[in-house]
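Take a look at the structure below.
2 protein chains.
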Amino acid sequence: MRLILAANRLFHRQGYERSSIAEIAREAAVPPGNVYYYFKTKEDLVEAVIARRNAFIAAWLSDIDKSGDPEHRLTRFVDEFEKTSKSRAEHGCPVGGLSHDANRIGGELAAQARVAFQMLLDWLQRQFVFMGDDQEVAQSNALHLISVLQGASLLAHTFSDPAPVESEANRLKAWLHAMAR
Amino acid sequence: MRLILAANRLFHRQGYERSSIAEIAREAAVPPGNVYYYFKTKEDLVEAVIARRNAFIAAWLSDIDKSGDPEHRLTRFVDEFEKTSKSRAEHGCPVGGLSHDANRIGGELAAQARVAFQMLLDWLQRQFVFMGDDQEVAQSNALHLISVLQGASLLAHTFSDPAPVESEANRLKAWLHAMAR
DNA sequence: GTCTATAAATGGATAGAC
DNA sequence: GTCTATCCATTTATAGAC
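Protein sequences appear in the order of chains A and B.
Taking the numbering used here, the leading residue of the first sequence gets 1, the next gets one more, and so forth.
Taking the numbering used here, the leading residue of the second sequence gets 1001, the next gets one more, and so forth.
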């Protein structure tokens, strides 16, 4: 578990390829050889990282679901995304970055990483349906919201500046607000 | 030059870290050791790839500049972006992906990769100013347009499906059209 | 279960023949 | 300028002591 957290940090900061097993072990304060007692391969380790992150996302969405109306939930979603803008400026989006890496590694991993985005899209679509959209429009709006936030994260990372995330988050909130009435 | 083209292809498809010098040399049909006659290090090679791509982007924008009015130019920009949706579904955005890689490699490369996005943002901002926006609004709209396309590319890659790019491109074109009148 | 030492493979980079 | 052979560092992964 300490290893998963350490790997999670390093994969986010440096990516999969540039994070060696030795470095992950050091970050977790365990001896290098020890890693292979818990994870047969490096891919097994990244798979555990993705699984943990997916569980976190599910819990996060479930927590937001306790909020009042759908507009409030969506606004809160954007707000909490925006709160991580500094981290995104420094290292990019953890979910988007790992999805990118997973696609390149290939195998089961790409599918595992896809689950995160599918959960987000499904949840967002449901909120838009609650707001009165029919399924198709809701799906399109969900896709749009995630696209904007992912693109803004990439630009924030590129320029090492949280402003793109904040600017686009504000635009989205205004859009949601206008849509609600 | 053959080497730059081969490196460009492989970096796009596999990323920087997973593309070995030997593999690039094979793709370019030159002997492995030969690479180092033209490029002192692997970083020099990726720098050449980025420089070439930046020149290509500048030429592309300059070509679009020959089109009639700003709305038409922006629509054409989005259209030509959309034409590469299949490639984006397979391997992601070449510019966004390399920017991501460059940020992780560090050093001069991140700045070099940033230039591509800065050129795009400056050009887009100019078009929005031509359409009547004042500078601040134009800057925000430029950022929004690029964010949407980058995010859509990432989702297309994640799902190996060009639909996100096409859907978001259509949304952008409708937005531009509504803005023009 | 935990740690050390090391094997096996890969990849960036260089030397030097032609 | 072009190509071959090879060095050296790093990295994944394993063997085996404790």
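Virtual Cβ for every residue (Gly too), placed ideally from N, Cα, C.
For clarity, every value in this text was computed on a predicted model and none was experimentally measured.
Under 9 angstroms by beta carbon: chain B residues contacting residue i
| i | result |
| --- | --- |
| Ile57(A) | Here the premise fails: no neighbours, minimum Cβ distance about 14 angstroms. |
Proximal residues to residue i (C-beta, below 8 angstroms), its chain only, five neighbours per side dropped
| i | result |
| --- | --- |
| Leu5(A) | Ala28 |
| Leu1176(B) | Glu1071, Leu1074, Thr1075, Val1078 |
| Thr1041(B) | none |
| Val10(A) | According to the sequence provided, residue 10(A) is Leu. The question's Val does not apply to it. Excluding positions up to five away in sequence, the list reads Ser19, Glu23, Ile24, Glu27. |
| Ala160(A) | Correcting the residue identity first, residue 160(A) is Ser in this sequence and not Ala. Excluding sequence neighbours, Ser160(A) sits near Ala89, Glu90. |
Chain-order list of residues whose beta-carbon lies under 7 angstroms from that of residue i (same chain, five-residue window excluded)
| i | result |
| --- | --- |
| Ala1142(B) | Leu1121, Leu1124, Gln1125, Phe1128 |
| Glu82(A) | Val165, Glu166, Ala169 |
| Phe1130(B) | Pro1070 |
7 angstroms Cβ cut-off: residues of chain A touching residue i
| i | result |
| --- | --- |
| Val1148(B) | Ser147, Val148, Gly151 |
| Pro1164(B) | Leu143, Ser147 |
Close Cβ partners of residue i (< 6 angstroms) along its chain, the five nearest in sequence each way excluded
| i | result |
| --- | --- |
| Arg52(A) | Ile4 |
| Ala1007(B) | Ile1024, Leu1045, Val1049 |
| Ala116(A) | Asn54, Ile57, Val95 |
| Ala156(A) | Arg88, Ala89, Pro162, Pro164, Val165 |
| Val61(A) | Per the sequence presented here, residue 61(A) reads as Leu, with Val not at that position. Closer than 6 angstroms at the Cβ level, and outside the excluded window around Leu61(A), lie Trp123. |
| His12(A) | His91, Pro94 |
Residues that residue i contacts on chain B, provided the C-beta gap is smaller than 8 angstroms
| i | result |
| --- | --- |
| Ala113(A) | Thr1158 |
| Ser168(A) | Sequence inspection shows Glu at residue 168(A); the Ser mentioned does not correspond to that position. Going along chain B in sequence order, the residues near Glu168(A) (Cβ under 8 angstroms) are Leu1143, His1144, Ser1147. |
| Phe117(A) | Leu1155, Thr1158, Phe1159 |
| Arg104(A) | Gln1014, Gly1015, Arg1018 |
Inter-residue CB distance, residue i and residue j (contact presumed, cutoff 8 angstroms)
| i | j | result |
| --- | --- | --- |
| Ile50(A) | Gln112(A) | 5 angstroms |
| His1144(B) | Glu168(A) | 6 angstroms |
| Gly1097(B) | Gly1015(B) | 7 angstroms |
| Leu1109(B) | Glu1047(B) | 6 angstroms |
Chain B residues whose Cβ lies nearer than 7 angstroms to that of residue i
| i | result |
| --- | --- |
| Met140(A) | One detail in the question is off: residue 140(A) reads as Ser in this sequence, not Met. The answer, in chain order, is Ser1167. |
Partners in chain A for residue i, counting only beta-carbon separations shorter than 8 angstroms
| i | result |
| --- | --- |
| Arg1171(B) | Ser140, His144 |
Contact set between residue i and chain A, taken where Cβ atoms lie within less than 9 angstroms
| i | result |
| --- | --- |
| His1177(B) | Ordered by position in chain A, no residue passes the 9 angstroms Cβ test against His1177(B), which lies about 17 angstroms from the chain. |
Open item on the list: For a minimum of 4 consecutive residues, which ranges assigned as the alpha helix (DSSP H) are wholly contained in the region 1016-1075 of chain B?
Closed with: 1021-1028, 1035-1038, 1042-1064
- [ ] Closer than 9 angstroms, Cβ to Cβ, to anything on chain B: give me those residues from the region 5-33 of chain A, in chain order.
- [x] Arg13, Gln14, Gly15, Tyr16, Glu17, Arg18
TODO: At 4 residues or longer, and completely inside the region 1067-1148 of chain B: list those alpha helix (DSSP H) runs for me, N to C.
DONE: 1070-1082, 1085-1091, 1094-1105, 1108-1130
Open item on the list: Using a Cβ-Cβ cutoff of 8 angstroms, what residues of the region 41-73 of chain A are near chain B? List them in chain order.
Closed with: none
Task: the region 73-97 of chain A: positions lying closer than 9 angstroms to chain B by Cβ - done: His91, Gly92, Cys93, Gly96, Gly97
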